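In my numbering, the protein residues as written are 3 to 108.
For every residue, glycine included, the Cβ atom is placed at its ideal position computed from N, Cα and C.
Predicted model, so just to flag it, every value in this text is computed and none were measured.
Report on one structure; see the data block that follows.
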Amino acid sequence: PPATSMRAVLHAAAAALLLATPTKRRLCPPFARTDTVHGSRLVFVEDNEGLRIAVSKYMTENGFQCDTYSDAQQALRAMVGGARPDLVITDVLMQGMDGLALLRRI
């Protein structure tokens with residue numbers, strides 16, 4: 003993979019810190035240097051729909067192109083033969099293929 007690509011695992015509990023409160027106040031600040039991530043392709047795999055939507059929204063607002071998937075098999079099928087993402091954030095514990103198995107396959 004290109005030197006600029008990254009692989010990351012973000013546990014769902016840690017990802018919850020990215021959620022905004024009902025008053026739209028951010029719990030986490032936006033990325034400091036959006037010029038380095040603007041347009042970077044992010045794949046986010048999470049089986050919890052609410053968390054998937056919230057994290058996707060946060061990452062999109064901060065310059066990422068965010069592709070979301072509800073399970074590892076779905077994400078893997080989408081990536082076969084396609085462009086490799088710059089960053090993968092995946093839940094670890096999911097039905098079927100888990101997030102660590104997904105990272106080994108890509």
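- Excluding residues up to 5 positions away in sequence, ASP49, ASP73 and ALA74 lie with their Cβ nearer than 7 Å to the Cβ of MET96 in the same chain.
- Taking a contact as a CB-CB distance under 8 Å, the pair ASP69 and ALA80 counts as one, their CB atoms being some 7 Å apart.
- About 11 Å separates the beta carbons of GLY98 and VAL47, which is beyond the 8 Å limit, so they are not a contact pair.
- Residue nearest to PRO87 within the set LEU53, VAL94 and ALA77 is ALA77 (criterion: CA-CA distance).
- A distance below 7 Å between beta-carbons, with the five flanking residues on each side excluded, links ALA103 to the following residues of its chain, in chain order: ALA74.
- Close CB contacts of HIS40 within its chain, under the 7 Å cut and outside five residues either way in sequence, are with GLY65 (chain order).
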